[in-house]
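Take a look at the structure below.
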Amino acid sequence: MTVTRPSGFPPGFLWGAATAAYQIEGAAREDGRTPSIWDAFCHTPGRVLGGDTGDVACDHYHRRAEDVRLMAGLGLGAYRFSVSWPRVQPTGRGPANPRGLDFYRALADDLLAHGIRPVVTLYHWDLPEELEEAGGWSARETALRFADYARLLGEALGDRVELWTTLNEPWCSAFLGYAAGVHAPGRQDPAAALRAAHHLNLAHGLACGALRTVLPGTARLSVTLNPGVVRARTGSCADLDAQRRIDALATRIFTGPLLHGAYPADLLADTRRITDWSFVRDGDTDVIKHPLDALGLNYYTPTVVSAATDNDPPARGGPSPWPGAERVVFHHPPGKRTEMDWAVDPTGLHEMLMRFTREVPGLPLYVTENGAAYDDKPDAGGQVHDPERIAYVRAHLRAVLRALAEGADVRGYFLWSLMDNFEWAYGYSKRFGMVYVDYATQARIPKSSAQWYARVVRTGRLD
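Sequential numbering from 1 applies to the sequence shown in UniProt numbering.
See the structure below:
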């Protein structure tokens with residue numbers, strides 16, 4: 001049977017853009033905010049390219065109203081932003097900081113006044129440094145503190161926010177932060193990374209429970225994952241096993257307990273020499289498998305793997321973010337690349353959406369991040385033209401349309417990112433925004449991709 005693909009998106013499809021607090025806010029030492037793990041990481045020499053920090057970033061903390069007007073001019077229906085934990089609860093414990101909450105109340109009010117839905121992410125990687133010094137995500141206590149933090153935000157913003165996301169990309173928090181050490185807090189301990197993954201899962205479940213308690217019947221709860229679209233280089237048994245191992249660590253370590261109530265048996269076996277998983281207590285997976293109202297999925301590029309052979313050169317680049325999968329080789333997928341050296345392959349987004357359509361039928365899906373970094377510069381007239389980004393987003397939106405035609409319940413799409421920003425360990429060297437930011441003057445210049453995206457938002461159709 002031939003599937004007729006729609007040329008436009010369904011009525012009510014939610015069009016948005018996304019950012020993260022540490023990447024845009026700045027004001028790192030103002031109004032009661034204390035350091036996060038990213039402040040400590042950035043101020044450690046050699047951690048971030050060029051010695052860049054998020055101390056000022058895009059100065060969104062002081063330019064909130066201007067940035068909301070910019071979103072309104074683009075016709076966005078929603079804005080996905082994260083809350084800085086150390087801004088609203090400076091030590092990660094105790095009462096809220098009123099000035100921090102006031103900023104997010106004002107942001108939500110501005111958005112609503114312009115007809116833009118605020119979509120809140122509780123955690124986008126900026127753990128209060130004091131909690132890290134007490135063990136961070138490798139310590140169970142951090143999950144308990146996260147539930148308290150979620151309760152504070154539910155009480156403060158619950159009358160303004162409907163859709164809540166607990167965690168953004170917990171894989172990055174656990175494995176880039178605690179195994180590879182290339183993200184904050186910069187630790188290189190595979191066992192700690194596996195503990196961190198569990199405690200992030202537990203934090204999600206506890207936070208869902210806290211939000212349900214303070215916002216009964218009103219909060220819609222989700223989590224945002226970056227599942228690996230992992231492909232075997234060949235159909236050999238060895239390469240297929242390499243694919244299985246990476247899929248377990250990239251995706252099923254989270255979807256197992258979050259969606260199905262148990263960690264995969266093969267994951268536990270693969271990592272048994274690193275940890276005995278005794279940190280998973282009775283009842284934990286029941287807490288983690290809290291009923292969700294939606295699932296957020298981030299996608300940028302697929303992953304191609306094979307089993308290592310004696311002819312492969314030694315792995316380079318420091319500690320691996322893949323505990324228990326050291327005999328796996330990663331390969332560059334074919335095709336065009338972004339400035340991140342990531343392959344442009346929209347078929348991976350379609351593959352991801354259909355995987356979760358099959359795995360959790362009936363659960364609404366959102367593409368909560370998708371975008372590309374390119375070397376954007378203003379021309380002589382001060383305009384920024386980025387046809388490569390337009391082509392990237394257009395191709396990926398076509399992949400979403402294909403998934404919709406095949407039965408995927410995709411409710412919205414959030415472009416990453418609203419504006420150029422601090423790109424973690426790459427500092428300010430990579431530009432993902434549809435709005436150009438001149439960091440010296442903080443001027444905002446909508447790129448040609450912003451104008452193009454605004455047309456798509458307005459019409460619900462691809463040109």
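Where is the CB? At the ideal position from N, CA and C, for every residue including glycine.
State buried or exposed for residue i, treating a residue as buried only when at least 16 other CB atoms are found within 10 Å of its CB.
| i | result |
| --- | --- |
| Arg402 | buried |
| Met1 | Confidence in Met1 is poor, its pLDDT being 41 and thus under 50, which makes the residue's placement too unreliable to answer from. |
| Asp102 | exposed |
| Val3 | Here the model assigns Val3 a pLDDT of 48, short of 50, so the residue's position is not dependable and the matter cannot be decided. |
| Arg444 | buried |
| Thr441 | exposed |
| His60 | buried |
| Ser236 | exposed |
| Pro11 | exposed |
| Ala262 | exposed |
| Thr309 | exposed |
| Gln451 | exposed |
| Arg358 | exposed |
| Ala18 | buried |
| Phe356 | buried |
| Gly283 | exposed |
| Glu132 | buried |
| Ala294 | buried |
| Pro118 | buried |
| Arg69 | exposed |
Have a look at the options and flag the residue whose alpha-carbon is nearest the alpha-carbon of residue i.
| i | options | result |
| --- | --- | --- |
| Arg99 | Gly73, Val120, Glu129 and Arg29 | Arg29 |
| Gly381 | Leu268, Lys447, Gln451 and Arg252 | Lys447 |
| residue 498 | Val410, Arg327 and Ala156 | Nothing in the structure corresponds to residue 498, since the chain is present only between 1 and 463. |
| Leu259 | Asp282, Ile288 and Leu249 | Ile288 |
| Thr142 | Arg93, Gly8, His331 and Val68 | Arg93 |
| Ser339 | Asn298, Ala18, Arg160 and Tyr428 | The amino acid at residue 339 is misidentified as Ser; the sequence shows Glu. The option with the nearest alpha carbon to Glu339 is Tyr428. |
| Leu74 | Arg105, Val88, Gly16 and Leu112 | Gly16 |
| Ala242 | Gly256, Phe254, Thr224 and Asp266 | Asp266 |
| Ser138 | Ala179, Arg195 and Glu169 | Arg195 |
| Asp148 | Leu76, Ile37 and Gly209 | Gly209 |
| Pro227 | Leu249, Val437 and His290 | Leu249 |
| Ala78 | Gly205, Gln89, Asp341 and Leu107 | Leu107 |
Please say whether residue j and residue i have beta carbons closer to each other than 7 Å?
| i | j | result |
| --- | --- | --- |
| Arg431 | Ala373 | yes |
| Gly412 | Tyr366 | yes |
| Pro128 | Pro86 | yes |
| Phe279 | His198 | yes |
| Thr275 | Ala343 | no |
| Ile116 | Met71 | yes |
| Trp125 | Ser173 | yes |
| Ala207 | Phe146 | yes |
| Pro323 | Ala193 | yes |
| Arg245 | Ala325 | yes |
| Ala203 | Leu152 | no |
| Thr35 | Ala179 | With the sequence shown as reference, residue 35 is identified as Pro, and Thr is not the correct amino acid for it. Taking 7 Å as the Cβ cut-off, Pro35 and Ala179 do not qualify as a contacting pair. |
| Thr224 | Gly296 | yes |
| residue 519 | Gly50 | Because the chain spans 1 through 463 in this model, residue 519 falls outside it and cannot be assessed. |
| Asn298 | Glu369 | yes |
| Gly362 | His290 | no |
Tell me which same chain residues have a C-beta within less than 6 Å of the C-beta of residue i, skipping the five on either side of it?
| i | result |
| --- | --- |
| Pro387 | none |
| Thr213 | none |
| Val56 | Gly26 |
| Gly8 | Gly460 and Arg461 |
| Leu41 | Note that residue 41 corresponds to Phe in the displayed sequence, not to Leu. Hits under 6 Å: Arg47, Ala184 and Gly186. |
| Thr121 | Ser82, Thr165 and Asn168 |
| Glu130 | Thr91 and Gly92 |
| Val229 | Pro302, Gly348, Glu351 and Met352 |
| Ala219 | Trp164 and Leu211 |
Can you find a C-beta in chain B that's less than 7 Å from the C-beta of residue i?
| i | result |
| --- | --- |
| Gly181 | Protein chains in the displayed structure number just one, and chain B is not present. |
Per DSSP, which residues does residue i bridge with? Please list them.
| i | result |
| --- | --- |
| Glu369 | Asn298 |
| Thr166 | None, per the DSSP bridge assignment. |
| Pro118 | Tyr79 |
| Tyr413 | Trp15 and Val367 |
| Phe330 | Val305 |
| Thr224 | Asn168 and Gly296 |
| Pro446 | Val435 |
| Pro231 | It is worth fixing the name first, because residue 231 is Arg in this sequence and not Pro. Paired residues: Val304. |
| Ser36 | Pro128 |
Which residues in the same chain as residue i place their Cβ atom closer than 7 Å to its Cβ, once the five residues preceding and following it in sequence are excluded?
| i | result |
| --- | --- |
| Trp424 | His183 |
| Arg252 | Pro264 and Leu267 |
| Pro346 | Ala395, His396, Arg398 and Ala399 |
| Leu215 | Gly154 and Gly158 |
| Ala408 | Leu353, Met354, Thr357 and Leu365 |
Excluding five sequence neighbours on each side, which residues of the same chain lie with their C-beta closer than 8 Å to the C-beta of residue i?
| i | result |
| --- | --- |
| Ser268 | Correcting the residue identity first, residue 268 is Leu in this sequence and not Ser. Closer than 8 Å at Cβ, skipping near neighbours: Trp277. |
| His331 | Arg233, Val304, Val305 and Ser306 |
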